[in-house]
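Numbering (this note's numbering), first residue to last: 871 to 1721.
Even glycine gets a Cβ: it sits at the ideal position worked out from N, Cα and C.
Given the structure is predicted, the values throughout are model-derived calculations rather than measurements.
Heads up: the structure comes next, in structure tokens.
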């Protein structure tokens, strides 16, 4: 979006209704009628006073009232058959938020800005993710946030992937240290006040001693001084933020604390210095309430800051995996360089026990690498020349020399950290209810506090003024929007972090919620259930033939073919280190097989003289056409067919020599994964392009519930649509594919899961990436979803139930029947502990078992 301009009248005076100009980039227009259609559609959107579409620049300029609905404009363009450039996303680090009211207020302010398509503010991560149209700058949005009374700064790009998490940790530590310092000051000042006031209530003899030595007035003066110091030094933060928010008609948690403590302190100050202004029988002081409230809330903030700091430990752990230096070969020498100075193509030496500094390819050495941080799989994998290694993984046994293939923001570890950060900063659909509540929560509490005061003043027993003041303050203090604001994002942070440790990356945070409703999981066969690499699985030769010799002859023919079966046969021969002879007159017979002439011995071990032999390899139809009897191998062919393999026959000079089978081996982890999905109550469907017989055999072996076979990649989407249509209301469909040719299907499913390769995690079409490379990751992701959503519901129940129960108690609703009241000091303690409880409950997700 171009810079947003405010138009003015020719006289220089602004018009009565401010107007703004938006610019959209339109794709797909080819002629004047296209631009005219788009222009007409945009002009019909509510609030638009003028719309102009330029075909040459492919832009639309829209003039309208302040706060134009950008989503409505984009929808109007899409309905005409064209598209708008996708909004860019920027992230801001927000400072000064203390509760859900703060994050909700910033979110509302940002969403009202022209050029902002959508904004989500996360209280737990203290970040805002904003989708903007071209032309809107971070500086403009930062100014908007600062005008609302908060601090903001732009976060780095992927080049500093993970740095924001480190900065956030340092900020949390510094914040906790400040809270600890202020808590100690507040506690030191509050303790004498508490002892002087409450000690007399608890121990009558102490009260008499105070009255006899200090006197009531001196005691009150001392309490006044100490309490005032508590409010002005450690408690000043509540007034610096709460009072301005109140004056801006956007009160937050700080406002509740500020009003409550100032009411208690102000009433006590009048009772101390101007007691004649108060009705007889109401002259009491509540200094200890104001001081204890500040002290307990500071204690809660300290505990909360420490607990919240632990929610992002997963990212800090990932960041800590990468070493700071690398030993690089430069100009014939090995020098130690900072990781930032390593460039593509550098050769790096790696010793046993060291972590791999960057993504690379092994060019020398042989070792085993622990990749559990990447895939969640505990067993190390062998790495030899030609194999790839990933930065952050642990070299165990041997020395390696690797060549850097990806550094900085392009490394796998940087991508993982970035994906986890984005998932943690997402806003789940369940958060919508919380947002609606917190929008009105603080104003409602303030109204309830005022109502409490008025009701007690009119209907309460004497001293009614005292009862009214104390209970109104208790209502203000006990209410806690913090717990509601933290209930969802803290669980999301811990849950996504736990997933990353288990090799499950949530590219979209909302996938974590949707996975709890999965009823059907559809899986691609090749690369998901199987290894994705066809291999020679069976070779049975006729009498008088030697297996190795026959394999060498077959490989000689197949080296001229591009078919995957040919590659599997050739690989098998190479693995046995067979000598592959020369081949001529190669011919491919469509639907039948291949034939060729090979210069070799007539039969291995029979005739040493070199001669030309005719080799034929193909299906039974080819053998029948050549008049070759395949009945001697019929039982073997039947067995292979039941195993889901397609048999091929080999003939030498018109004589049946062998039967072979090439298949894509099922991954060793697949049977357990299928069983685990069934244990979760899911129906498993296999979608494959293989023939029905092969697919049915594999499905039978694995216990798969339903098979959709002989489907082209484009047909997978249709198959998924049919499966979705058959689902019960509210249930979801997952599709798991290898992410290479499954992008349309991954996007068509409710949740798309891509099987990661360990080095290619940027699979844009997927919602979830399974780094383990096997289907067990899907079971882990679904189990984690269920555990996280259960945790979130527990948090929300506590947050809402806490307020629903304690606000009426603080207001004195139960006093007439039971004589129950809640003192402001106890209310402060309860409020402080509520958010600590929520964060502590979220941290339990770190210990859940996912297998």
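8 Å contact criterion, which residue i and residue j should meet: CB distance rounded
i: residue 1794; j: residue 1669; result: The shown model of the chain, from 871 to 1721, leaves out residue 1794, and the question about it has no answer.
i: residue 1156; j: residue 1143; result: With 8 Å as the limit, residue 1156 and residue 1143 do not qualify as a contact, their Cβ atoms being about 15 Å apart.
i: residue 1266; j: residue 1240; result: 6 Å
i: residue 1541; j: residue 1400; result: Between residue 1400 and residue 1541 the Cβ distance is about 12 Å, and since that is not below 8 Å, they are no contact.
i: residue 1277; j: residue 1213; result: 7 Å
i: residue 1376; j: residue 1293; result: 4 Å
i: residue 962; j: residue 998; result: 4 Å
Rounded straight-line distance, which links the Cα of residue j to that of residue i
i: residue 1652; j: residue 1238; result: 31 Å
i: residue 1123; j: residue 1044; result: 22 Å
i: residue 1644; j: residue 1566; result: 21 Å
i: residue 1551; j: residue 1574; result: 13 Å
i: residue 1356; j: residue 1063; result: 33 Å
i: residue 1145; j: residue 1679; result: 30 Å
i: residue 1396; j: residue 1607; result: 8 Å
i: residue 1392; j: residue 1612; result: 12 Å
i: residue 1234; j: residue 1271; result: 5 Å
i: residue 959; j: residue 1003; result: 9 Å
i: residue 1256; j: residue 1636; result: 28 Å
i: residue 1097; j: residue 1120; result: 27 Å
i: residue 1476; j: residue 1528; result: Residue confidence is low: residue 1476 scores 41 on pLDDT, short of 50, so the model does not pin down where it sits. Its coordinate-derived value is still stated next. Distance between the alpha carbons of residue 1476 and residue 1528 is about 17 Å.
i: residue 1507; j: residue 1514; result: 11 Å
i: residue 1446; j: residue 1360; result: 55 Å
i: residue 1333; j: residue 1130; result: 19 Å
i: residue 1512; j: residue 1568; result: 9 Å
i: residue 1472; j: residue 1482; result: Residue placement at residue 1472 is poorly supported in this model, since its pLDDT is 47, which falls under 50; the coordinates are not used for a value here.
i: residue 1757; j: residue 1109; result: Since the first residue of the chain shown is 871 and the last is 1721, residue 1757 is not available in this structure.
i: residue 1558; j: residue 1615; result: 12 Å
i: residue 942; j: residue 1590; result: 30 Å
i: residue 1532; j: residue 1452; result: 23 Å
i: residue 1688; j: residue 1322; result: 18 Å
i: residue 1690; j: residue 1327; result: 18 Å
i: residue 1716; j: residue 965; result: 27 Å
i: residue 1010; j: residue 972; result: 19 Å
i: residue 1287; j: residue 1642; result: 16 Å
i: residue 1283; j: residue 1262; result: 7 Å
Pair within 9 Å by beta-carbon distance, residue i and residue j
i: residue 1454; j: residue 1466; result: yes
i: residue 1341; j: residue 1692; result: yes
i: residue 1656; j: residue 1620; result: no
i: residue 1389; j: residue 1603; result: yes
i: residue 1498; j: residue 1406; result: no
i: residue 1140; j: residue 1147; result: yes
i: residue 1493; j: residue 1500; result: yes
i: residue 1586; j: residue 1618; result: yes
i: residue 1020; j: residue 1081; result: no
i: residue 1220; j: residue 1177; result: no
i: residue 1647; j: residue 1374; result: yes
i: residue 970; j: residue 1348; result: no
i: residue 989; j: residue 980; result: yes
Three-way DSSP call (helix, strand, coil) for residue i in this model
i: residue 1250; result: coil
i: residue 898; result: coil
i: residue 1155; result: coil
i: residue 1628; result: Reliability of the predicted coordinates at residue 1628 is poor, the pLDDT of 47 falling under 50, and no value is obtained from them.
i: residue 1517; result: strand
i: residue 935; result: strand
i: residue 952; result: coil
i: residue 1279; result: helix
i: residue 1720; result: coil
i: residue 1025; result: coil
i: residue 1642; result: coil
i: residue 1673; result: helix
i: residue 1340; result: helix
i: residue 1160; result: helix
i: residue 1481; result: strand
i: residue 1323; result: helix
Distance cut-off 8 Å: residue i Cβ against heavy atoms of the ligand GTP
i: residue 947; result: In the structure shown, the ligand GTP is absent, as is every other ligand, since no ligand is present at all.
Below-9 Å beta-carbon distance, residue i vs any chain B residue
i: residue 1467; result: Of the protein chains in this structure there is only one, and it is not chain B.
Start-end ranges of the alpha helix (DSSP H) lying completely within the region 1679-1715, minimum 4 residues: If only uninterrupted alpha helix (DSSP H) runs of at least 4 residues are considered, those enclosed by the region 1679-1715 are 1685-1688 and 1694-1713.
Threshold first: 3 residues or longer. Then list the beta strand (DSSP E) segments lying entirely within the region 1081-1134, N to C. Listed in chain order, the beta strand (DSSP E) elements of length 3 or more contained wholly in the region 1081-1134 amount to none.
Go through the region 1560-1603 residue by residue and report every complete run of the alpha helix (DSSP H) that reaches 4 residues or more, in order. For the region 1560-1603, whole alpha helix (DSSP H) runs of length 4 or above, ordered along the chain, are 1562-1572 and 1583-1595.
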